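A.B. asks:
In full-length UniProt numbering, the protein residues as written are 1 to 115.
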């Protein structure tokens, strides 16, 4: 194992130990801290969405993404028809190359009374 994996493992173990001790010593404080973190993340997300919607190129990007999606869908449909033509079986059955004809006694005529 390389050094990075060891460091990630040690940090993960220490964080679990700290979280466990914090949960046993002060569960209300843990809940309160998680609640404030959630509120902060939600506030940053709302601010980011408002800021992105006010950008002048926001609607253009949305229109471009919609047009690209539609174009991709049209191209995929055209490609499926081409593949169906390629997958059609040939009309004439190919002979197996590994089968050979064994030369027999051609001079001997079969007795037709047996059949």
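Ideal placement from N, C-alpha and C gives every residue a C-beta, glycine not left out. Here the structure is a predicted model, which is why all the values come from computation and not from measurement.
Residue 97 by DSSP, collapsed to three states: which one?
C.D. replies: Residue 97 sits at position 97 when you count from the first residue of the chain shown. Coil at residue 97, not helix or strand.
A.B. asks: Just verifying my parser: in three-state terms, what is the DSSP assignment at residue 5?
C.D. replies: Mapped onto the chain shown, residue 5 falls at position 5. In this structure, residue 5 counts as helix in the three-state DSSP scheme.
A.B. asks: Please work out which residues of its chain come closer than 6 Å, Cβ to Cβ, to residue 72, disregarding the five sequence neighbours upstream and downstream, and give them in chain order.
C.D. replies: Your numbering for residue 72 matches position 72 in the chain shown. No residues qualify anywhere along the chain.
A.B. asks: Here's a check: name, in chain order, each residue in its chain whose Cβ is nearer than 6 Å to the Cβ of residue 30, leaving out the five neighbours to either side.
C.D. replies: Numbered from 1 along the chain shown, position 30 holds the residue referred to as residue 30. Around residue 30: 22 and 23.
A.B. asks: Could you give the distance in angstroms between the alpha-carbon of residue 18 and the alpha-carbon of residue 34?
C.D. replies: Your numbering for residue 18 matches position 18 in the chain shown. Your numbering for residue 34 matches position 34 in the chain shown. Going by the C-alpha atoms only, they are around 14 Å apart.
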